[in-house]
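>
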Amino acid sequence: MLMEKEYEIKYYEQNMNGDLKESSLLNILQDIATLSAESLGFGPSFVFPNNYAWVVLKYHIELYNELRNYSSIRILTEPRGLSKLYAFRDFKLFSPLGELVGRVASTWSLIDMSTRHLLPMQKTLPMMIPFEKRDDDLVYSKIEPIENVSYMKDFDVRYDDIDVNHHANNSNYIVWALETLPCEFRETHCAKIIDIRYRKEIGLNGKIFSTVEEKKEPDFVYTLHSIKNAQTEEELCDIKVCWMKSSLY
372 MLMEKEYEIK YYEQNMNGDL KESSLLNILQ DIATLSAESL GFGPSFVFPN NYAWVVLKYH
432 IELYNELRNY SSIRILTEPR GLSKLYAFRD FKLFSPLGEL VGRVASTWSL IDMSTRHLLP
492 MQKTLPMMIP FEKRDDDLVY SKIEPIENVS YMKDFDVRYD DIDVNHHANN SNYIVWALET
552 LPCEFRETHC AKIIDIRYRK EIGLNGKIFS TVEEKKEPDF VYTLHSIKNA QTEEELCDIK
612 VCWMKSSLY
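Just so we're aligned, residue 372 is where the sequence shown starts under my numbering, counting upward by one.
(1) Could you tell me which uninterrupted alpha helix (DSSP H) segments, each at least 4 residues in length, are contained entirely in the region 413-460, listed from first to last along the chain?
(2) Work out the CA separation of GLY414 and GLU572 for me, nearest whole Å.
(3) Would you kindly work out how many angstroms separate the C-alpha atoms of PRO497 and TYR457, rounded to a whole number?
(4) Below 7 angstroms between beta carbons: does that hold for LEU595 and LYS578?
(5) Where does GLU409 sit, in a helix, a strand or coil, going by DSSP?
(6) Secondary structure at PHE556, three-state DSSP: helix, strand or coil?
(7) What residue ranges within the region 491-541 form continuous alpha helix (DSSP H) runs of no fewer than 4 residues, ordered along the chain?
(8) State buried or exposed for PRO589, treating a residue as buried only when at least 16 other CB atoms are found within 10 Å of its CB.
(9) Rounded to whole angstroms, what's the CA-CA distance from ASN576 to ASN600? Just pull it up for me.
(10) LYS494 to GLY389, Cα distance in whole Å?
(11) For ARG460, count neighbouring Cβ atoms within 10 angstroms of its own Cβ and tell me buried if that reaches 16, exposed if not.
(12) With a threshold of 6 angstroms, establish whether the CB of THR486 neighbours any heavy atom of the ligand HEM.
(13) Is the region 378-386 touching the region 417-430, taking contact as three or more C-beta pairs under 8 angstroms?
(14) For the pair the region 503-517 and the region 481-495, tell me if three or more CB-CB distances fall below 8 angstroms.
(15) Would you give the residue range spanned by the beta strand (DSSP E) that LEU595 belongs to?
(16) Using DSSP with H/G/I as helix, E/B as strand and the rest coil, what is TYR620?
(17) Taking the alpha-carbon positions, what's the SER442 to LEU464 distance?
(18) Going by C-alpha distance, which of ASP527, GLN602, LEU549 is nearest GLU558?
(19) Taking just the CA atoms, how far does ARG445 sit from MET499?
(20) According to DSSP, is ILE565 helix, strand or coil?
(21) Does VAL535 pass the burial test, meaning 16 or more other C-beta atoms within 10 Å, or should it be called exposed?
(22) Tell me whether LEU400 sits in a helix, a strand or coil according to DSSP, three-state version.
(23) By the three-class DSSP mapping on this structure, what secondary structure does GLU584 have?
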């Protein structure tokens, strides 16, 4: 059930320091998850005819190295099984030299596009195994609510932000979150741990209100991010990022 693929990293997938962009990494994870699901019988050829859709609910990403100036990145993914309403998938990230440079845990649901209701996993996907916990499983971090806003910014949901499910693709939320930080901070820091919790969808012509709280610890900085629908004030996504100083500075 393991799937492995090497992805060439394009210039437009890197930031000004040559690091793989966080949004690019999420797109790569989404791509190999789709390929893996298709190979196992619950990918696009299964979900589209049934008017279903896979929705990612949570990511926990741990990066052990700066993903800088990579010509490629190799991704290994494993579907870990199902609970009553959720599916779980892990990823490992390898450098061009074969070094393990990151791990990712993710949680997904399968929804009926007509009703927007969660589908019962074990009934809908009887071929999949139940989830079993392992000793080395990654642990999702708690994402605390923002108490004091450090930065804020508004965004419009563009046509190009919308995917085939007719809502903003999940990789956009990390862009709205991190674009709210000052450029000088982004240039001098690298994300080490990222937790993302998706709450609600937003569609075309929506308005985004992104707020950030920056907190400093002796050895690192972390930022709390809240992405809201500016028109309804609904919470769309919460993100927590632990940053280390870039080796360039």
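C-beta: ideal position from N, C-alpha, C; glycine also.
On the basis of the supplied data:
(1) Those alpha helix (DSSP H) runs which fall completely within the region 413-460 and span 4+ residues are 415-418.
(2) One C-alpha to the other measures close to 21 angstroms.
(3) Rounded to the nearest angstrom, the two C-alpha atoms are 13 angstroms apart.
(4) No, Cβ-Cβ distance for LEU595 and LYS578 is not below 7 angstroms.
(5) Look at GLU409 here: in three-state DSSP terms it is helix.
(6) If DSSP states are grouped into helix, strand and coil, PHE556 belongs with the helices.
(7) You should have 492-495.
(8) Exposed is the call here.
(9) Rounded to the nearest angstrom, the two C-alpha atoms are 11 angstroms apart.
(10) Cα to Cα, the separation comes out at about 45 angstroms.
(11) With 16 or more Cβ atoms within 10 Å of its Cβ, ARG460 is classed as buried.
(12) For the ligand HEM, the structure offers nothing, since it holds no ligand at all.
(13) In this structure the region 378-386 does not touch the region 417-430; the number of beta carbon pairs closer than 8 angstroms is below three.
(14) The region 481-495 and the region 503-517 do not touch, with fewer than three beta-carbon pairs separated by less than 8 angstroms.
(15) If you look at LEU595, you'll find it in the beta strand (DSSP E) that goes 592-600.
(16) The answer is coil: DSSP assigns TYR620 none of H, G, I, E or B.
(17) If you take the alpha carbons of SER442 and LEU464, they lie about 14 angstroms apart.
(18) Closest option to GLU558, Cα to Cα, is LEU549.
(19) The straight-line gap from Cα to Cα measures roughly 25 angstroms.
(20) Correct three-state label for ILE565: strand.
(21) Under this definition VAL535 is an exposed residue.
(22) It is helical.
(23) DSSP places GLU584 within a strand segment (E or B) once states are collapsed to three.
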